[in-house]
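Report on the following structure.
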Amino acid sequence: MLGKAQGLPADQVFLDLEDAVAPLAKPEARKNIVAALNDGDWAGKTRVVRVNDLTTPWTYRDVIEVVEGAGDNLDCIMLPKVQSAAQIEWLDLTLTQIEKTIGLEVGRIGIEAQIENAAGLVNVDAIAAASRRIETIIFGPADFMASINMRSLVVGGLIPGYPGDPYHYILMRILMAARMHDLQAIDGPFLQIRDVEAFREVAGRSAALGFDGKWVLHPGQIEAANEVYSPAQDDYDHAELILDAYDHATSEEGGRLGAVMLGDEMIDEASRKMALVIAAKGRAAGM
Ligand code: GLV
Ligand code: MG
Numbered sequence: 005m006l007g008k009a010q011g012l013p014a015d016q017v018f019l020d021l022e023d024a025v026a027p028l029a030k031p032e033a034r035k036n037i038v039a040a041l042n043d044g045d046w047a048g049k050t051r052v053v054r055v056n057d058l059t060t061p062w063t064y065r066d067v068i069e070v071v072e073g074a075g076d077n078l079d080c081i082m083l084p085k086v087q088s089a090a091q092i093e094w095l096d097l098t099l100t101q102i103e104k105t106i107g108l109e110v111g112r113i114g115i116e117a118q119i120e121n122a123a124g125l126v127n128v129d130a131i132a133a134a135s136r137r138i139e140t141i142i143f144g145p146a147d148f149m150a151s152i153n154m155r156s157l158v159v160g161g162l163i164p165g166y167p168g169d170p171y172h173y174i175l176m177r178i179l180m181a182a183r184m185h186d187l188q189a190i191d192g193p194f195l196q197i198r199d200v201e202a203f204r205e206v207a208g209r210s211a212a213l214g215f216d217g218k219w220v221l222h223p224g225q226i227e228a229a230n231e232v233y234s235p236a237q238d239d240y241d242h243a244e245l246i247l248d249a250y251d252h253a254t255s256e257e258g259g260r261l262g263a264v265m266l267g268d269e270m271i272d273e274a275s276r277k278m279a280l281v282i283a284a285k286g287r288a289a290g291m
């Protein structure tokens, strides 16, 4: 799996020390991860390691072994089940100590924070503001559902008997904290790995709100994820059209106008900003 992941068209790969690793296998997994980071070819991918959460006895050793062993070949540490700003501050200080000790630039290693329980969600603003290292806030739906006693076993799926989207509030809460601090908002895993249509459906909901991406657990989910979080071609083309039209309208030749018609649609400065969001995502995806 570690070998195969290097050739897949995902933007980021994270190597797990947490819930996909049995307690007795943690020491060996740390060694495998250090070797995979140092010996693998991860070119073009953000390289991340998920350590164990701070209620376990493993976190400090995870961070020390992985960063001391492969800090040069690592972009971020992912901290799961974050509950408070203090937990991020602990990781920030620990990373600073290790960076100073092994001669890395201080601040080079970023932090990704998983929000997976009520405490994490209630404190998400403070968590997002707790360190300049934070790059990403991630929704962890499986742990979250368990921690709030949600009555469902299908991670990310709608719940029979509830007429709305049970994740809407959680996703929006995370998105607001992320946007306030200019961080990425990332949706978590979908476990029915053979049901790509269902993956698209779940991903489509967070993508529609403005999330930047979603985890994939299997190579079969990558293409769908890349598609769902990129704009549709029509929307991208329309966004570029709005930008061109508004750019012209506001120019000297265009009459220095602040609001103009584009077909049947009135566009103004706010339209330009909305169009820029879609256009930027499309350009980043090479459209
Ligand atoms: C991911 O870690 C999740 O709990 O969904
Ligand atoms: Mg989890």
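So for the sequence shown, my numbering puts the first residue at 5; every next one is plus one. Even glycine gets a Cβ: it sits at the ideal position worked out from N, Cα and C.
Option in Phe203, Glu244, Arg177 with minimal Cα separation from Asn121: Arg177
Is the CB-CB distance between Asp186 and Arg137 below 8 Å? no
Which stretch, first to last residue, makes up the beta strand (DSSP E) that contains Gly143? In the sequence under discussion, the amino acid at residue 143 is Phe, which differs from the Gly named in the question. That run of the beta strand (DSSP E) goes 138-143.
Expressed to the nearest angstrom, what Euclidean distance is found between the alpha-carbon atoms of Arg112 and Leu266? 45 Å
Can you give me the C-alpha to C-alpha distance between Arg51 and Ala263, rounded to a whole angstrom? 45 Å
I'd like the span of the beta strand (DSSP E) that includes Arg51, first residue to last. 50-54
Whole runs of the beta strand (DSSP E) within the stretch 178-229, excluding any shorter than 3 residues: 188-191
How far does the beta strand (DSSP E) with Leu19 in it reach, from first residue to last? 16-20
How should Pro61 be labelled, buried or exposed, when 16 other C-beta atoms within 10 angstroms of its C-beta is the threshold for buried? exposed
Nearest neighbour of Asp251, chosen from Lys8, Asp268, Lys277 [CA to CA]: Lys277
Should the stretch 226-246 be regarded as contacting the stretch 279-290, the criterion being three or more beta carbon pairs within less than 8 Å? yes
Cβ of Gly192 versus every heavy atom of the ligand GLV: is any distance shorter than 7 Å? yes
Local conformation of Gln118 per DSSP, three classes: strand
Tell me whether the beta-carbon of Ile141 lies closer than 8 Å to the beta-carbon of Ala123. no
Excluding the 5 residues preceding and the 5 following Ala130 in the sequence, name in chain order all residues of the same chain whose CB lies nearer than 6 Å to its CB. Ala89
For Met82: DSSP bridge partner residues: Arg54, Glu116
Straight-line CA distance for Gly192 to Ile119? 10 Å
Would you kindly check if the distance between the Cβ of Tyr233 and the Cβ of Ala211 is under 8 Å? yes
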